[in-house]
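There are 4 protein chains.
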Amino acid sequence: MIKIDPKNPKPIFEQISNGIKEFILEGTLKENEKIPSVRSFAFDLKVNPNTVQKAYKELEKEGWIEVLRGEGYIIKKIPEKGLENYIKEKKKIIEEELNALKKIGLKKEEILNLISKIWREK
Amino acid sequence: MIKIDPKNPKPIFEQISNGIKEFILEGTLKENEKIPSVRSFAFDLKVNPNTVQKAYKELEKEGWIEVLRGEGYIIKKIPEKGLENYIKEKKKIIEEELNALKKIGLKKEEILNLISKIWREK
Amino acid sequence: MIKIDPKNPKPIFEQISNGIKEFILEGTLKENEKIPSVRSFAFDLKVNPNTVQKAYKELEKEGWIEVLRGEGYIIKKIPEKGLENYIKEKKKIIEEELNALKKIGLKKEEILNLISKIWREK
Amino acid sequence: MIKIDPKNPKPIFEQISNGIKEFILEGTLKENEKIPSVRSFAFDLKVNPNTVQKAYKELEKEGWIEVLRGEGYIIKKIPEKGLENYIKEKKKIIEEELNALKKIGLKKEEILNLISKIWREK
DNA sequence: GTGGTCTAGACCACG
DNA sequence: GTGGTCTAGACCACT
Numbered sequence: 023m024i025k026i027d028p029k030n031p032k033p034i035f036e037q038i039s040n041g042i043k044e045f046i047l048e049g050t051l052k053e054n055e056k057i058p059s060v061r062s063f064a065f066d067l068k069v070n071p072n073t074v075q076k077a078y079k080e081l082e083k084e085g086w087i088e089v090l091r092g093e094g095y096i097i098k099k100i101p102e103k104g105l106e107n108y109i110k111e112k113k114k115i116i117e118e119e120l121n122a123l124k125k126i127g128l129k130k131e132e133i134l135n136l137i138s139k140i141w142r143e144k
Numbered sequence: 023m024i025k026i027d028p029k030n031p032k033p034i035f036e037q038i039s040n041g042i043k044e045f046i047l048e049g050t051l052k053e054n055e056k057i058p059s060v061r062s063f064a065f066d067l068k069v070n071p072n073t074v075q076k077a078y079k080e081l082e083k084e085g086w087i088e089v090l091r092g093e094g095y096i097i098k099k100i101p102e103k104g105l106e107n108y109i110k111e112k113k114k115i116i117e118e119e120l121n122a123l124k125k126i127g128l129k130k131e132e133i134l135n136l137i138s139k140i141w142r143e144k
Numbered sequence: 023m024i025k026i027d028p029k030n031p032k033p034i035f036e037q038i039s040n041g042i043k044e045f046i047l048e049g050t051l052k053e054n055e056k057i058p059s060v061r062s063f064a065f066d067l068k069v070n071p072n073t074v075q076k077a078y079k080e081l082e083k084e085g086w087i088e089v090l091r092g093e094g095y096i097i098k099k100i101p102e103k104g105l106e107n108y109i110k111e112k113k114k115i116i117e118e119e120l121n122a123l124k125k126i127g128l129k130k131e132e133i134l135n136l137i138s139k140i141w142r143e144k
Numbered sequence: 023m024i025k026i027d028p029k030n031p032k033p034i035f036e037q038i039s040n041g042i043k044e045f046i047l048e049g050t051l052k053e054n055e056k057i058p059s060v061r062s063f064a065f066d067l068k069v070n071p072n073t074v075q076k077a078y079k080e081l082e083k084e085g086w087i088e089v090l091r092g093e094g095y096i097i098k099k100i101p102e103k104g105l106e107n108y109i110k111e112k113k114k115i116i117e118e119e120l121n122a123l124k125k126i127g128l129k130k131e132e133i134l135n136l137i138s139k140i141w142r143e144k
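Residue numbers (this note's numbering), protein chains in the order written: chain F, 23 to 144; chain R, 23 to 144; chain W, 23 to 144; chain B, 23 to 144.
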């Protein structure tokens, strides 16, 4: 289940679509599998249906899911571009932040620590 | 000189205040130094004076700069909390992004490459 | 309803934020309650929405209210620091004024009269 | 000597004029006595001469001092209205602040404590 | 509907 | 000259 934080500066619809993307990339959601209906998902997440709708529309536009009329949304094959872009975007953000930290004199070691921490905690 | 990108989703006033914070942290702007007047800076950056005003006010509230009436703004000593928060925020963002990348199976090596790239290019 | 006096040297946005603070402290506005939307309040008070916006933002930064995206602002728990500071500020002002009056020879009795007057008129 | 605090929200010229008023009301400055010249006072206080000028002009307008051409400013008899207004203004401020504190439930005793503190410390 | 940002332009107080 | 406040009105993102 995706966690929604209404105070998170990231818009809610993006929290939802990102959450679904991650499930797809992790393999938790597989090709042709159905995702919850807009209404039921909205109810579960306690958000406005419009918000879920918007998230689904975005995913559809980027090619992660597709709509079957009268049936709902199903997962498509992972779009190559989607995966690529996903990684590229995240790398770009990381790069920017690292550059900012480097500018003010942060040592490489501190970052390596951060990374070890993440890749250790399996 | 700070670069303003009106297409950047970050609001302009934040681009300005962040830019100044970085100058302070880098040491380009030093304690007691004056920063450009609201109006002249607005003119240089080609933005509305209100926008610069907002940026300066934010910096003032966070303790980076201080206003002398009729004189303008000057840099204060780097606020400990300011520096701390700055680093913490950036680390948090990096951590989140790294976690997302790890989830989808990115290898540690790829990140180490990214880091080497940044810290090499002196 | 808050009274706005454009001739008051206190800026309008501060009259608004102070008014709301008092409502919160008095208990007229309670936790989780919604406050009027920026636009509607601006209309009622006959001021520009930006002015109300500024007041709300100040209250938010000081921890009195919180914004829910697309929903509006709600009252948070009274921030301890907020209450403390509020009282401290007022006491400081009173102290200064009293000191000034004492210097020019005002008798203690005159002040006690003033106080009785205020605490009597329930 | 008057203490100027450039960070005090009260404008500097007002800090000066208030300081002089207090000296007059206390009796430190007596009728017909000269006050420092604009220039020398500005030098001593480390402020802009315009600022002292403005303070003197205000005092003149309210009848506390008068200018002798070529000689400088001298103290006049304490203007009745001046004294009256001075006290009235301060009382009004105190009253407002007290009312605000009363609204949020401050006890009368707390204020009486404050007053005792001031009138004790001779 | 909600808030958030921005521009253009005016007016004020202060030094 | 400096900053501070305010208005009018536009446009955007989010729910």
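The C-beta atom is built at its ideal place from N, Cα and C for all residues, glycine as well. Computed from a predicted model, the values in this text were never measured in an experiment.
- prompt: Using a beta-carbon distance below 8 Å, is N107/R in contact with chain F?
  reply: Along the second sequence, read from residue 1 onward, the residue named residue 107/R stands at position 85. The Cβ of N107/R sits no closer than 8 Å to any Cβ of chain F.
query: Under 8 Å Cβ-Cβ, which residues of chain F neighbour I24/R?
result: By one-based count along the second sequence, residue 24/R stands at place 2. Simply none; closest approach about 14 Å.
Residue of L105/W, N107/W and E88/W minimising C-alpha distance to K98/W: Along the third sequence, one-based indexing puts residue 98/W at 76. Taking K98/W as reference, the option from L105/W, N107/W and E88/W with the minimal CA-CA separation is E88/W.
task: Name, going along the chain, the residues of the stretch 90-107 of chain W whose beta-carbon falls closer than 9 Å to a beta-carbon of chain F.
output: Residues are counted here when their Cβ sits less than 9 Å from a Cβ of chain F; for the stretch 90-107 of chain W these are L90, R91, G92 and E93, given in chain order.
- request: Take L47/F and list the residues in its own chain whose beta-carbon comes closer than 8 Å to its own, dropping the five residues that flank it on each side.
  value: Residue numbering aside, residue 47/F sits at position 25 when the first sequence is read from its first letter. Excluding sequence neighbours, L47/F sits near I100, L105 and Y108.
- prompt: Does the Cβ of L123/R have 16 or more other Cβ atoms within 10 Å, making it buried, or fewer, making it exposed?
  reply: To locate residue 123/R, count along the second sequence from 1; it is residue 101. Answer is buried; the Cβ neighbour count reaches 16.
query: On the three-state DSSP scale, how would you describe L90/F?
result: Here residue 90/F refers to the residue found at position 68 when the first sequence is read from its first residue. Under the three-state reduction of DSSP output, L90/F falls in the strand class.
- request: Compare the Cα-Cα distances from S138/F to each of S138/R, I137/R, I140/R and K130/R and report the closest residue.
  value: Position 116 of the first sequence, counted from the first residue, corresponds to residue 138/F. The shortest C-alpha to C-alpha distance from S138/F to any of S138/R, I137/R, I140/R and K130/R is the one to K130/R.
Contact check, E119/B vs I116/W, beta carbons under 8 Å: Taking the fourth sequence and counting its residues from 1, the one referred to as residue 119/B is at position 97. Taking the third sequence and counting its residues from 1, the one referred to as residue 116/W is at position 94. Yes, Cβ-Cβ distance for E119/B and I116/W is below 8 Å.
- prompt: Which residue comes first and which comes last in the alpha helix (DSSP H) that contains S62/B?
  reply: As a position in the fourth sequence, residue 62/B is number 40, starting the count at 1. Per DSSP, S62/B belongs to the alpha helix (DSSP H) from V60 to L67.
query: In the DSSP assignment, what residue or residues form a beta bridge with K14/B?
result: Any answer about residue 14/B is impossible in this case: the structure gives chain B only from 23 up to 144.
message: Distance check for V74/B and K68/B, CA to CA, integer angstroms please.
response: Locating residue 68/B in the fourth sequence gives position 46, where the first residue counts as 1. Locating residue 74/B in the fourth sequence gives position 52, where the first residue counts as 1. The straight-line gap separating the alpha-carbon atoms of K68/B and V74/B is approximately 10 Å.
- prompt: What number of angstroms, rounded off, separates the C-alpha of K133/R from the C-alpha of K114/F?
  reply: Your numbering for residue 133/R matches position 111 in the second sequence. Your numbering for residue 114/F matches position 92 in the first sequence. For the sequence presented, residue 133/R should be read as Ile rather than Lys. Rounded to whole angstroms, I133/R to K114/F spans 12 Å at the Cα level.
- request: Compare the C-beta of P28/F with all C-beta atoms of chain W and state if any pair is closer than 8 Å.
  value: Indexing the first sequence from 1 puts residue 28/F at position 6. Yes - at least one Cβ of chain W is within 8 Å of the one on P28/F.
message: Does K56/W come out as helix, strand or coil in the three-state DSSP assignment?
response: The sequence position of residue 56/W within the third sequence is 34, counting from 1. Correct three-state label for K56/W: strand.
field: N54/F versus G94/F: straight-line alpha-carbon distance, rounded
entry: In the first sequence, counting from the first residue as 1, residue 54/F sits at position 32. In the first sequence, counting from the first residue as 1, residue 94/F sits at position 72. A straight-line Cα-Cα distance of about 11 Å links N54/F and G94/F.
Within 8 Å, strictly: CB atoms of I34/F and I24/F: Translated into positions along the first sequence, residue 34/F becomes position 12. Translated into positions along the first sequence, residue 24/F becomes position 2. Result no, Cβ atoms of I34/F and I24/F do not sit closer than 8 Å.
Minimum C-alpha distance to K29/B - residue among P31/R, D66/R, E82/R and E111/R: Numbered from 1 along the fourth sequence, position 7 holds the residue referred to as residue 29/B. Here the closest residue by C-alpha is E82/R.
message: If I follow the unbroken alpha helix (DSSP H) through L128/F, where does it start and stop?
response: As a working mapping, residue 128/F is identified with position 106 in the first sequence. Per DSSP, L128/F is not a residue of any alpha helix (DSSP H), being assigned neither H nor E.
message: Quick check on DSSP: helix, strand or coil for I42/B?
response: Taking the first residue of the fourth sequence as position 1, residue 42/B is located at position 20. DSSP places I42/B within a helical segment (H, G or I) once states are collapsed to three.
- request: Could you tell me if S62/W is buried or exposed, where buried requires 16 or more neighbouring beta carbons within 10 angstroms of its beta carbon?
  value: Locating residue 62/W in the third sequence gives position 40, counting from the first residue. With a 10 Å radius around the Cβ and a threshold of 16 neighbouring Cβ atoms, S62/W comes out exposed.
task: Would you mind reading off the limits of the alpha helix (DSSP H) that contains P71/F?
output: Within the first sequence, residue 71/F is the residue found at index 49, counting from 1. Unbroken alpha helix (DSSP H) run through P71/F: P71 to K83.
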